[in-house]
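Residue numbers (the numbering used here): 2 to 177. First up is the structure itself, then whatever we jot down about it.
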């Protein structure tokens with residue numbers, strides 16, 4: 002069944018790239034948009050992706066997702082690329098400094114950073130805080146006013162999503 006997904010992605014990739022260039026009017030932004038949409042697509046459940054791919058509906062789905070992602074202020078693409086770029090243009094961000102993230106002993110892996118980038122802003126912030134060696138649920142709760150149980154649940158859900166994606170990634174690498 003994953004063959005349908007791989008086939009559809011390779012079949013329409015060039016057309017999606019042209020469509021993304023048409024939406025963004027910039028080749029670099031188009032690559033970012035397309036790859037963000039494909040990454041989010043692969044985060045979906047396997048059954049849903051496979052069903053769309055095998056029924057021939059993946060092309061329309063990805064084209065619509067690119068358009069919505071580019072024009073929505075809350076999409077992952079907007080948060081990662083457009084909003085950050087606006088802050089750089091305004092001089093609010095010093096992009097010369099690197100953002101060193103300490104991954105800590107709790108969570109580790111070569112795909113961690115890319116998985117965190119794919120998450121929504123709330124989960125990404127929580128995981129970055131969680132990865133710090135001096136992280137405390139109670140201290141974070143005290144500073145933010147977010148209940149401790151909600152923090153436990155949010156971090157656990159985010160980690161489970163990463164584990165699921167890492168498992169999917171390992172399985173796809175093993176099959177190649």
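Just so you know, even glycine gets a beta-carbon here, dropped at the ideal spot from N, CA and C.
Buried or exposed: which applies to residue 61, given that a residue is buried once 16 or more other Cβ atoms fall within 10 Å of its Cβ? It counts as exposed.
Looking at C-alpha atoms only, which residue of 20, 49 and 166 is the closest neighbour of residue 65? Looking at the Cα atoms, 20 is the closest of the given residues.
Relative to the C-alpha of residue 42, which candidate in 16, 6 and 25 has its C-alpha closest? Ranking 16, 6 and 25 by Cα distance to residue 42 puts 6 first.
How would you call residue 16, buried or exposed, if buried means at least 16 neighbouring beta carbons within 10 angstroms? Answer is exposed; the Cβ neighbour count stays below 16.
Between the alpha carbons of residue 155 and residue 120, how many angstroms are there, rounded? Separation of residue 155 and residue 120 (C-alpha to C-alpha, rounded to the nearest whole angstrom) is 12 Å.
Mapping DSSP to helix, strand and coil, what is residue 57? Coil.
Under the three-state DSSP convention, the category residue 73 falls into: In this structure, residue 73 counts as coil in the three-state DSSP scheme.
For residue 138 and residue 149, which I take to be in contact (beta-carbon distance under 8 Å), what is that distance rounded to the nearest angstrom? So it is a contact: roughly 5 Å between Cβ atoms.
Looking only at its chain, what residues have a beta carbon closer than 8 Å to the beta carbon of residue 8, apart from the 5 residues adjacent to it on each side? Excluding sequence neighbours, residue 8 sits near 54.
Going by the beta-carbon positions, is the gap between residue 63 and residue 38 smaller than 8 Å? Yes, the pair counts as a contact, with Cβ atoms nearer than the cut-off.
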